[in-house]
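When we follow UniProt numbering, the leftmost residue of the sequence shown carries the number 1, and every step to the right adds one.
In this text, a Cβ means the ideal position worked out from N, Cα and C, and glycines have one as well.
Below: the structure, in structure tokens.
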Amino acid sequence: MKETGILLAVSSLPSPYGVGDLGPSAAQWLELLHRNGVTIWQILPLNPTGYGNSPYQPYSSCAGDEMYLSLEQLARQGLLPEVPAPFDLPAGRTDYQAVRALKEPLLRAAFRAFEPDEDYQNFAAQEWVQAYGVFRAFKKANSSRCWLEWPEWQRSWPETHQGDLSPYQEEIDYHLFLQYQFFRQWQVVRAIAREKGIRIMGDVPFYVGIDSVDVWAGKKNFLLDESGRPTYIAGVPPDYFSAVGQRWGNPIYDWDYLEQNRFDFWVKRIGYNQKLFDIIRIDHFRAFDTYWKIPASCPTAVEGAWIEAPGYAVLDTLYREIPGLALVAEDLGDLRPEVLTLRDHYHLKGMRVLQFDLVPRGKRFGDTGPQGENLICYTGTHDNATTEEWYQEMTAASRRKLRRWLRQNGYNSGTVVQRVIRYGMDCPALWCILTAQDLLGLGAAGRMNTPGTLGSPNWEWRLAGLDPLARALKQWEPVIRYRGE
């Protein structure tokens with residue numbers, strides 16, 4: 001059966017509090033999807049955003065960002081005296097700094113009103129939760145500096161557990177509370193989704209950031225020197241787009257150590273995320289096969305080298321240790337055949353993006369992308385221009401070729417964006433996932449992220465309300481339901 005999904009970050013949901021959250025708008029969003037036959041909601045990582053507000057450089061690969069906590073839900077629990085008044089913030093953008101500044105006093109008030117029970121104690125006793133609480137308390141005490149710049153006893157605390165935590169205990173408990181509330185609120189969202197027949201696809205980056213609890217509390221899992229700094233870092237080699245490649249800066253895994261420990265880090269990381277999501281998309285899946293290893297001393301990615309990873313051993317372990325695991329491979333880019341062989345060995349769905357595949361071929365346009373059922377067809381992703389922006393950035397000649405090609409293939413009605421969407425829905429892929437921005441026909445103003453750039457407006461786009469998207473989805477409902485028959 002073919003299925004249709006929508007890609008929309010939780011942060012992009014409408015909310016009176018400046019950023020999408022896990023409250024009423026999430027429930028309304030799921031009802032909207034259900035009403036129109038959509039069965040998959042793909043989101044971006046929910047982890048605490050780090051540098052540049054990117055969800056792909058989080059402080060933890062298990063923790064949830066407290067900015068997504070619903071103030072309405074906290075008020076219903078009696079942790080706030082009343083539902084707070086809406087924040088005076090822009091409706092269509094997320095001002096992360098302002099949201100955090102306005103929400104924090106309310107979250108701390110809820111924490112002070114909270115009375116721990118057995119359920120909380122069981123949750124808070126988890127190893128990763130405890131480590132995260134200490135990490136965030138130390139981080140606050142050090143003016144949010146990277147853990148590499150903390151006092152020695154704090155840098156080495158995960159290994160020694162030596163040092164007096166009593167001055168930090170209230171802050172530690174605050175973050176344990178936030179994680180408990182996040183887990184509870186997210187489980188409510190999950191329950192609503194299940195009731196409505198909607199699966200949620202989460203997103204797990206392959207690498208973790210250096211300034212994360214994952215590295216601080218698990219140094220042996222990475223190639224680090226004695227001070228904890230990376231000896232090798234991740235990235236990708238030079239290509240058509242960049243003569244010096246991309247130097248991401250994430251620490252490289254110590255695969256020998258991980259293998260000796262039965263990939264415990266990966267089992268715990270993916271295992272916990274499976275408690276949150278029905279499907280997990282692995283970003284940069286190709287690194288399970290080969291990864292670009294750059295000496296940390298090199299200022300660019302030029303001097304890196306391809307190194308083979310124990311992908312089969314890792315994935316065998318994950319599937320053995322985590323029953324019911326459902327993974328999707330982000331397999332975009334110039335890949336060696338072995339990557340696709342690895343993907344297909346585990347029957348993982350791969351990806352195709354129409355913006356990459358619909359290209360001019362001489363005097364004509366053509367679809368150069370992979371074909372087949374075990375794929376997910378996207379109009380675009382969070383890293384792409386919107387389809388309207390993509391179309392407008394073409395030369396006039398290319399736009400004419402695209403329109404002609406669409407007409408020749410029977411796509412005559414609607415805007416160019418709508419015709420591209422319909423083409424994606426008609427392709428053999430069993431899943432077709434559309435961005436909310438493309439359903440709305442938005443141009444450059446709707447772009448979520450531009451790779452290689454930092455800061456505003458990346459990650460800030462947000463729905464001002466659900467009504468325009470409800471009208472757009474209503475137009476597509478017959479097609480969505482026809483695909484699902």
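- Taking C-beta atoms as the reference points, Gly350 and Leu325 fail to come closer than 9 Å.
- Shown here, Asp344 sits in a helix according to DSSP, grouped into three states.
- Val267 has its alpha-carbon roughly 25 Å from the corresponding atom of Val236.
- Taking 9 Å as the cut-off, the beta carbon of Arg481 is found closer than this to the beta carbon of Gly37.
- Under DSSP, Arg447 shares a beta bridge with no residue.
- Inter-residue distance for Thr160 and Glu477 is about 58 Å (C-alpha atoms, whole angstroms).
- Your pair Ser70 and Asp21 checks out as a contact, with CB atoms roughly 5 Å apart and the cut at 8 Å.
- Partner residues in the beta bridge of Thr435, as assigned by DSSP, are Leu7.
- Cβ neighbours of Glu3 within its own chain (closer than 7 Å, five residues either side excluded): Thr39, Ile40, Leu430, Trp431, Gly484.
- If you draw a straight line from the Cα of Pro90 to the Cα of Pro428, it is about 41 Å long.
- Per DSSP, the unbroken alpha helix (DSSP H) holding Phe265 starts and ends at 264-274.
- Under the 8 Å Cβ criterion, the segment 29-36 counts as touching the segment 186-200, having at least three qualifying pairs.
- Counting of Cβ neighbours within 10 angstroms places Gln408 among the exposed residues, the total staying below 16.
- Between Ile280 and Asp344, the C-beta gap is not smaller than 9 Å, which leaves the two residues out of contact.
- Thr49 has its alpha-carbon roughly 22 Å from the corresponding atom of Ala109.
- Boundaries of the alpha helix (DSSP H) around Ala110: 96-113.
- Bridge pairing for Cys377: Arg352, Cys432 [DSSP].
- In this structure Asp331 does not touch Asp239 by the C-beta definition: roughly 16 Å separates them, more than the 8 Å allowed.
- By the 16-neighbour rule on beta-carbons within 10 angstroms, Tyr319 is exposed.
- Relative to the Cα of Pro86, the nearest Cα in the group Tyr68, Leu79, Ser15, Gln73 belongs to Ser15.
- For the segment 375-409, the full-length beta strand (DSSP E) segments reaching 3 residues or more read 375-378 along the chain.
- Taking 8 Å as the upper bound for CB-CB distance, Phe222 and Ile252 are in contact here, some 7 Å apart.
- Residue burial is scored here from C-beta neighbours: Trp147 has at least 16 other C-beta atoms within 10 angstroms and is therefore classed as buried.
- Looking only at Gly414, Gly271, Ala113, the smallest Cα-Cα distance to Leu327 is reached by Gly271.
- When the alpha-carbon of Asp283 is set against those of Asp164, Pro55, Gly163, the nearest one is in Pro55.
- Short of 7 Å from the beta carbon of Val129, and not among the five residues preceding or following it, lie these beta carbons of its own chain, in chain order: Phe123, Leu176, Gln179.
- Under the three-state reduction of DSSP output, Asp331 falls in the coil class, being neither helix nor strand.
- With three or more CB-CB distances shorter than 8 Å, the segment 133-143 counts as touching the segment 163-177.
- According to DSSP, Lys293 shares a beta bridge with Ala234, Ala305.
- Note on geometry: alpha-carbon atoms of Ile6 and Asp164 lie some 48 Å from one another.
- Note that the C-beta distance between Gly441 and Val479 is not below 9 Å.
- Residue environment analysis places Ala287 among the buried positions, since at least 16 neighbouring C-beta atoms fall within 10 angstroms of its C-beta.
- Taking the Cα of Gly311 as reference, the smallest distance to any Cα among Arg400, Phe206, Lys363 is reached at Phe206.
- By the beta-carbon neighbour count (other beta carbons within 10 angstroms, threshold 16), His382 is buried.
- Linking Lys103 to Tyr257 through their CA atoms gives a straight-line distance of about 41 Å.
- Beta bridge pairing from DSSP links Gly366 with Val359.
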